[in-house]
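So the structure is just underneath, and the comments pick up after that.
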Amino acid sequence: MVEQSFWRDVPGPSARGARLFRPVASAVVRTAWRVRLHGYEMVPRRGPVILAANHTSILDGPLLYGAVRRPVHALTKREMFRGPLGWGLRAIGQIPIDRSCYDLRAVKDCLMVLSRGDVLAIYPEGTRGVGDFTVVRPGVAYLALVTGAPVVPVVGLGVRTSAASTSSLPRLRGNIDLVFGEPIETMPVSWPRRRHVVREHAAFIGEQLRKHVQYALEHTRRDLPPTVQPVP
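One point on numbering: in our numbering, the residue at position 203 of the sequence shown is 1033, and numbering is uninterrupted.
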C-alpha cells in the first residue's frame, strides 16, 4: 500500500506546468535534432512509471521531457535551480535534489508524482558520464518499492558525441536514438523496508539496466559516448 501520509504535506511539483510546456519542448527538440524512438510502446499510456535513463549529456533532461508523450517530472540537481533557469524549471514541474545529503523534500516530491499516476524521470547513475550504468544508486529501487511503479529503462545514444565535455551538444539535425526497454516490475513493500531489501532490488535493477544498454547498442549499432571526467 502506498504510504500517502508520508508525503501528503507537500503540494508536489506542478503537473499543470509540465503538461502545458511539453508541446513546446517537443517542438524545439524535434526541430533541432532527428529524434528516433525505439520501443516507445514500453512506456505505459497511463498510471505511474519511473523512467530510469542513462546520463551522458546536459541535453538528457530536455530531450526526455520533449520526446515522451506524457508530461515528465525529472529529478534535477539543485545547482540548476539558480536564477531565472530555476524559476523556469520549477514552473514546468521539475524536481530539485540536493545530492550531498538525503533530500527528504525531493523524495516526497517524487512520491507525490507517482501517487498522482504521473511520469518520473530519474538518472540512477547520479551524474553525467559514459552512461553505461556501472553505478546505480539505490533511490530508484526505493521509489519503486514504496509505490510499486514499473521502472522503464531508457538509453540515449548520440546525445553527446564530443569527449571534451558532458555539456557539449550534438550537431544540429543530427540523429539521436532513445531506446526504451521492457518495464521492470516491482511489488510494493510496506514500511519498514530493510536496507538490504532496497540494496538487493537496486542491484537487480542495475543488472537489468546494464543489459538494456547492451541491447540498445546492438539494436542501433551505435556506441556510448567517449569517456570524460564525470561532472560533480
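All C-beta atoms, glycine included, are put in the ideal place defined by N, C-alpha and C.
Contact check between the stretch 963-972 and the stretch 851-870: fewer than three CB pairs, one atom from each, fall below 8 Å, which does not count as touching.
The beta-carbon distance between Ala904 and Ile925, rounded to whole angstroms, is 7 Å. This is short enough to meet the 8 Å contact definition.
Shortest Cα-Cα distance from Gly986 to any of Pro853, Phe963 and Lys938 involves Phe963.
When beta bridges are read from the DSSP output, Ile1035 appears opposite no residue.
With a cut-off of 8 Å on Cβ pairs, the stretch 887-895 is in contact with the stretch 949-960, counting three or more such pairs.
Assignment of Arg1024 by DSSP, reduced to helix, strand and coil, places it in the coil class.
Per the C-alpha coordinates, the member of Gly913, Asp928 and Glu1015 positioned closest to Gly978 is Glu1015.
Annotated as proximal: Val981 and Ala882, with beta-carbon spacing under 8 Å.
According to the DSSP secondary-structure assignment, Asn1005 is paired through a beta bridge with Arg864. The closest CA to that of Asp1007, considering only Leu1047, Cys931 and Thr906, is found on Leu1047. Boundaries for Gly961: no beta strand (DSSP E) harbours it, and the DSSP string shows neither H nor E there. Per DSSP, the unbroken alpha helix (DSSP H) holding Thr977 starts and ends at Gly969 to Thr977. With contacts defined by Cβ atoms closer than 8 Å, Pro1055 and Thr991 form a contacting pair. Going by beta carbons, Pro901 and Val859 fall outside the 8 Å limit. In the structure shown, Phe851 adopts helical secondary structure according to DSSP, grouped into three states.
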